[in-house]
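S.K.: Residue numbers (this note's numbering): 86 to 738. A virtual CB, placed ideally from N, CA and C, is assigned to each residue, including glycine.
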């Protein structure tokens with residue numbers, strides 16, 4: 086029996102200065118954003134850039150540093166049992182525990198409104214979303230393993246091997262670090278938007294800041310303590326301006342986070358043919374559970390966003406922009422108010438002719454799960470939480486804890502994957518001047534998330550299981566042949582001139598053929614109203630072409646909100662083929678000294694091998710090519726290396 090232990094002491098000190106230098110977006114803007122009442126033509130994005138007027142400006146503030154501590158401990162024990170003369174069994178067990186730390190919430194005071202959040206207030210908001218900062222400890226990671234080998238004929242020529250085991254993964258400490266720093270209170274994000282004209286009522290207008298009419302302490306939306314650095318076109322990152330209409334995203338960890346594990350199994354049969362050749366067939370299966378993936382747990386409830394607009398306008402919105410950014414009237418006139426509408430709080434709360442309460446979408450924090458944007462309400466109206474909550478009676482916006490959260494992109498651990506593969510192999514040991522290895526693999530990998538990046542969040546945050554599809558790294562077929570061929574030894578000392586010339590040559594080819602790999606097809610259009618555009622997929626029309634909902638799909642095909650019906654990772658790159666070759670000639674200088682002349686060529690046929698393809702549906706449609714399995718090809722955007730040669734010499738002594 087064997088046993089052992091492993092212990093690591095890990096301390097990580099790092100900084101995450103997210104958007105501290107400022108993030109600028111230059112888009113088309115109306116003339117009225119610059120001059121009140123201006124009815125002139127809109128500024129193009131290029132004109133806005135030339136004038137130095139960003140349409141959106143985001144800057145990070147606060148403390149970017151954190152210290153992550155981890156103490157991984159592992160124990161194992163294993164043994165071997167010779168059950169019969171020709172049967173051997175190996176078995177063992179491993180236990181892993183990581184003494185990670187959860188971080189205490191950071192108290193926070195908003196300098197613009199004076200709203201103060203204690204550590205317990207932040208904890209209450211996190212509890213409501215079932216998230217935390219740092220990794221919860223997972224103490225039950227026991228991983229048994231079992232393997233066996235059977236010499237069927239007793240002569241070692243036919244062997245059957247099988248094994249199954251459980252293997253735990255170590256979560257990335259960067260995830261724990263991000264959850265502490267990007268928490269909405271230790272580090273804050275300020276967002277300036279193109280809302281309101283150049284007047285004191287234009288809360289957080291990026292135009293105002295950059296043409297000098299926004300003055301800290303005078304313009305609503307900028308705290309008196311904020312310091313604008315004129316020469317740097319940003320604020321002092323140590324002087325937060327205050328929260329505005331858009332609250333920051335956070336990167337917490339799910340409270341019930343569990344460490345991912347995989348159950349791996351394989352079964353192989355190996356047969357020796359003759360003295361130097363072996364053939365084998367093996368089957369491999371890997372089923373992983375509790376895989377980490379990002380998901381917004383404070384997502385926009387678009388159905389409430391739509392119904393709130395319908396209460397005001399008496400009709401459905403045409404899209405997200407109308408539902409999310411319509412303005413409630415300050416005062417009622419025949420042109421600004423629908424029939425029967427009354428103002429309760431100018432620009433923030435009103436009641437329609439049916440007595441239903443309507444709320445400003447921005448004040449409602451766009452009907453995210455957790456609660457309203459109390460910072461925005463207090464900044465413009467002076468109303469405290471109890472008063473504003475009382476005014477929400479009869480509305481679609483339920484009160485909630487004061488929080489500084491927009492997207493809460495939590496790392497959850499309910500992802501799954503499965504991998505199955507069949508491998509056929511023939512191997513010849515070096516003899517009679519030749520050796521080779523030929524292998525063919527059929528495999529299929531399925532998962533519902535292939536990475537931890539927030540760009541890979543599900544299309545619909547309320548339906549994660551709809552993401553299940555072929556993995557990004559799924560490769561259905563792969564064949565590889567490699568070999569070494571050398572001239573016979575006796576050619577060096579005997580035979581004709583051509584044999585002597587060809588002696589000490591070695592040729593080593595490598596041939597690879599493989600299937601393409603999937604990619605996700607995107608629209609970059611938010612048709613389901615969740616404020617996420619980087620993960621939206623198109624819909625499939627009856628003729629197989631793709632369209633973007635609410636953009637170029639036929640009338641009546643879809644109504645807001647809607648998610649694309651194309652599955653995840655339905656794009657595919659083209660097949661791969663390459664022939665590489667190495668040619669070596671050894672020149673001998675006596676018994677102990679020699680010189681190798683080496684020539685190597687890669688991708689000798691100079692075949693174009695696609696490495697990546699354009700993921701946008703318009704390009705996919707224009708390319709107009711599909712695979713036999715119904716997947717979509719697209720225009721290549723990068724390629725593997727073209728034909729290359731390299732030469733070298735190696736001196737042996």
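Among 234, 345, 549, which one has its Cα closest to the Cα of residue 249?
M.R.: Among 234, 345, 549, the Cα nearest to that of residue 249 is on 234.
S.K.: Under the assumption that residue 278 contacts residue 462 (Cβ atoms under 8 Å), give the Cβ distance between them as a whole number of angstroms.
M.R.: 16 Å between Cβ atoms; not a contact.
S.K.: Going by DSSP, name the residue or residues bridged to residue 403.
M.R.: Looking at the DSSP assignment, residue 403 forms no beta bridge with any residue, so it has no partner.
S.K.: Tell me, please, whether the stretch 568-575 touches the stretch 623-636 by the rule of three or more beta-carbon pairs shorter than 8 Å.
M.R.: No, the stretch 568-575 is not in contact with the stretch 623-636.
S.K.: Should residue 383 and residue 493 be called a contact, given that it needs their Cβ atoms to be closer than 8 Å?
M.R.: Result yes, Cβ atoms of residue 383 and residue 493 sit closer than 8 Å.
S.K.: Comparing alpha-carbon positions, which option in 686, 733, 624, 226 lies nearest residue 703?
M.R.: It is 624 whose Cα lies nearest to the Cα of residue 703.
S.K.: For the candidate residues 319, 325, 714, 317, whose alpha-carbon lies nearest to that of residue 310?
M.R.: If we check each option's Cα against that of residue 310, 325 comes out closest.
S.K.: Out of 328, 319, 226, 261, which one is the CA nearest neighbour of residue 274?
M.R.: The option with the nearest alpha carbon to residue 274 is 328.
S.K.: Does the stretch 497-511 come close enough to the stretch 367-380 that 3 or more CB-CB pairs lie under 8 Å?
M.R.: With the cut-off at 8 Å, the stretch 367-380 and the stretch 497-511 touch.
S.K.: Please name the residue in 588, 136, 705, 203 whose C-alpha comes closest to that of residue 116.
M.R.: For the residues 588, 136, 705, 203, the minimum Cα distance to residue 116 belongs to 136.
S.K.: The beta strand (DSSP E) with residue 276 in it runs from where to where?
M.R.: That run of the beta strand (DSSP E) goes 272-277.
S.K.: Are the Cβ atoms of residue 219 and residue 185 separated by less than 8 Å?
M.R.: Cβ atoms of residue 219 and residue 185: closer than 8 Å.
S.K.: Using 10 angstroms around the beta-carbon of residue 212, count the other beta-carbons present and answer buried if the total reaches 16, otherwise exposed.
M.R.: With fewer than 16 Cβ atoms within 10 Å of its Cβ, residue 212 is classed as exposed.
S.K.: Starting from residue 135, trace the beta strand (DSSP E) in both directions and tell me its first and last residue.
M.R.: Run containing residue 135: none in the beta strand (DSSP E); it sits in the alpha helix (DSSP H), 130-136.
S.K.: Compute the Euclidean distance between the alpha carbons of residue 408 and residue 450, then round it to the nearest angstrom.
M.R.: The straight-line gap from Cα to Cα measures roughly 12 Å.
S.K.: Report all residues from its chain with a CB closer than 6 Å to the CB of residue 730; omit the five preceding and five following residues, and keep chain order.
M.R.: Contacts found: 686.
S.K.: Please state whether DSSP places residue 583 in a helix, a strand or coil.
M.R.: Residue 583: helix per DSSP, three-state reduction.
S.K.: What number of angstroms, rounded off, separates the C-alpha of residue 230 from the C-alpha of residue 244?
M.R.: Going by the C-alpha atoms only, they are around 20 Å apart.
S.K.: Is residue 717 buried or exposed, if buried means 16 or more other CB atoms sit within 10 Å of its CB?
M.R.: Its Cβ being crowded by 16 or more others within 10 Å, residue 717 is buried.
S.K.: Return helix, strand or coil for residue 496, following the three-state DSSP convention.
M.R.: Reduced to three states, the DSSP call for residue 496 is strand.
S.K.: Give every residue of the same chain whose Cβ lies closer than 7 Å to the Cβ of residue 448, excluding the five residues on either side of it in the sequence, and list them in chain order.
M.R.: Contacts found: 433, 457, 458, 461, 462.
S.K.: Within 10 angstroms of the Cβ of residue 91, are there 16 or more other Cβ atoms? Answer buried if so, exposed if not.
M.R.: Under this definition residue 91 is an exposed residue.
S.K.: Please go through the stretch 416-480 and give each complete alpha helix (DSSP H) segment of 4 or more residues, from N-terminal end onward.
M.R.: Those alpha helix (DSSP H) runs which fall completely within the stretch 416-480 and span 4+ residues are 459-466, 470-476.
S.K.: So residue 392 is in the alpha helix (DSSP H); what residue range does that whole segment cover?
M.R.: Start and end: 387-398.
S.K.: For residue 129 and residue 114, what's the separation of their Cα atoms in angstroms?
M.R.: Cα-Cα distance, rounded: 7 Å.
S.K.: Looking at the unbroken alpha helix (DSSP H) that takes in residue 258, where does it start and where does it end?
M.R.: Residue 258 -> alpha helix (DSSP H) spans 258-266.
S.K.: So, with DSSP's three-state summary, where would you put residue 218?
M.R.: Three-state result, residue 218: coil.
S.K.: Just list the beta strand (DSSP E) runs in the stretch 159-199, keeping only unbroken ones of 3 residues or longer that don't cross its boundaries, in chain order.
M.R.: Qualifying beta strand (DSSP E) stretches, in chain order: 172-183.
S.K.: Which residue wins for smallest C-alpha separation from residue 389, given the options 629, 257, 402, 380?
M.R.: That would be 402, whose Cα lies nearest to the Cα of residue 389.
S.K.: Which residues in the same chain have their Cβ closer than 6 Å to the Cβ of residue 468, if we skip the five residues on either side of it in sequence?
M.R.: Only 462 meet the Cβ criterion.
S.K.: What is the C-beta distance between residue 216 and residue 337, in whole angstroms, given that I count them as a contact (C-beta under 8 Å)?
M.R.: So it is a contact: roughly 4 Å between Cβ atoms.
S.K.: By the three-class DSSP mapping on this structure, what secondary structure does residue 212 have?
M.R.: Helix, per DSSP.
S.K.: For the beta strand (DSSP E) containing residue 729, name the first residue and the last one.
M.R.: Its beta strand (DSSP E) spans residues 729-737.
S.K.: Are the CB atoms of residue 354 and residue 366 within a distance shorter than 8 Å?
M.R.: In this structure, residue 354 lies closer than 8 Å to residue 366 by Cβ.
S.K.: Quick check on this structure: which residue in 453, 396, 313 has the alpha carbon closest to the alpha carbon of residue 425?
M.R.: If we check each option's Cα against that of residue 425, 396 comes out closest.
S.K.: Give a yes or no on whether the C-beta atoms belonging to residue 387 and residue 614 are separated by under 8 Å.
M.R.: A contact, by the Cβ cut-off of 8 Å.
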